[in-house]
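Under full-length UniProt numbering, residues 1 to 226 are what the sequence shown spells out, in order. Note that the Cβ used here is the ideal one computed from N, Cα and C, for glycine as well. Below: one structure, written as structure tokens.
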Amino acid sequence: IQVVEVPNVSWDDIGGLENVKRELQETVQYPVEHPEKFEKFGMSPSKGVLFYGPPGCGKTLLAKAIANECQANFISIKGPELLTMWFGESEANVREIFDKARGSAPCVLFFDELDSIATQRGSSSGDAGGAADRVLNQLLTEMDGMSAKKTVFIIGATNRPDIIDPALLRPGRLDQLIYIPLPDEDSRHNIFKAALRKSPIAKDVDIKALAKYTQGFSGADITEIC
1 IQVVEVPNVS WDDIGGLENV KRELQETVQY PVEHPEKFEK FGMSPSKGVL
51 FYGPPGCGKT LLAKAIANEC QANFISIKGP ELLTMWFGES EANVREIFDK
101 ARGSAPCVLF FDELDSIATQ RGSSSGDAGG AADRVLNQLL TEMDGMSAKK
151 TVFIIGATNR PDIIDPALLR PGRLDQLIYI PLPDEDSRHN IFKAALRKSP
201 IAKDVDIKAL AKYTQGFSGA DITEIC
């Protein structure tokens, strides 16, 4: 059962990624907060984005933060959780999640590990592959049936954008791709600051030096150190 939550993650909890935050504000926050402006100028806002990049770089945190900034509800689902061995049940799971999101609008619907259910159709083998194809078809149907009146924004996350079915990335679906990279030195510095902001720190701890010597670390790696 998917829980509808109201996230308490804010932009301040996420170190770095300033460009990504700005892009999310323009793509998600403005349309949710000012739908009448988009309507007035005949613009149709994006319905969804795909986060891609290495694991542990803050995709889930970003999705929660944008929901919080928009004062929207948040539903998170991992792709593999949708797949069941019973015929027809996986598609029913997808319908149920979208029904719940519409009932909780404004809502951000976050699909993690999207590549487990959205690989190019016909590429998976065995019956589990058939189930994944049916789930993807249901997902596309639900996205296309989303009325503009219901403010539901969909975010997918994957470490493997190369195997995602192109149909999912067409206009009106997850038509914005946002790369979430490994943090650079400035971003690592900000992640250390964000992770340690509620902890007492010894005077001889040099956060700048920590940021310098953690090249190649993901945000999750840095949070683990703290």
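Hey, could you find the ends of the beta strand (DSSP E) residue i is sitting in?
i: residue 229; result: The chain is shown only over 1 to 226; residue 229 falls outside these bounds and no answer can be derived.
i: Asp112; result: 107 to 112
i: Leu50; result: 48 to 52
i: Phe74; result: 73 to 78
i: Gly156; result: 152 to 158
i: Ile178; result: 176 to 179
Rounded to whole angstroms, what is the Cα-Cα separation between residue i and residue j?
i: Ala209; j: Glu185; result: 10 Å
i: Met146; j: Lys100; result: 13 Å
i: Ala202; j: Cys57; result: 27 Å
i: Ala157; j: Pro55; result: 10 Å
i: Leu139; j: Ile154; result: 11 Å
i: Ser199; j: Thr214; result: 20 Å
i: Leu114; j: Asp204; result: 43 Å
i: Ala195; j: Gly130; result: 43 Å
i: Ala65; j: Trp11; result: 6 Å
i: Pro161; j: Leu168; result: 11 Å
i: Asp206; j: Pro181; result: 24 Å
i: Glu81; j: Leu177; result: 24 Å
Can you find the residues in the same chain that come closer than 6 Å, C-beta to C-beta, to residue i, ignoring five residues on each side of it along the sequence?
i: Lys150; result: Arg102, Ala105
i: Glu5; result: Phe74
Locate the alpha helix (DSSP H) running through residue i, then write down its first and last residues.
i: residue 230; result: Nothing about residue 230 can be read from this structure; the chain reaches only from 1 to 226.
i: Ile222; result: 219 to 225
i: Val20; result: 18 to 24
Ignore the nearest five residues each way along the sequence and tell me which others in residue i's own chain have a CB closer than 7 Å to its CB.
i: Gln120; result: Ile163, Asp165
Can you find the residues in the same chain that come closer than 8 Å, C-beta to C-beta, to residue i, ignoring five residues on each side of it along the sequence?
i: Asp144; result: Gly172, Arg173
i: Ala63; result: Phe51, Phe74, Ser76, Val108, Phe110, Ile155, Ala157
i: Asn159; result: Tyr52, Gly53, Pro54, Pro55, Asp115
Problem - the segment 75 to 88 / the segment 42 to 55 touching (three or more Cβ pairs under 8 Å) - result: Output reads no: the segment 42 to 55 does not touch the segment 75 to 88.
Exercise for the section: Report yes or no: do the segment 66 to 73 and the segment 18 to 32 share at least 3 C-beta pairs separated by less than 8 Å? Expected result: The segment 66 to 73 is in contact with the segment 18 to 32.
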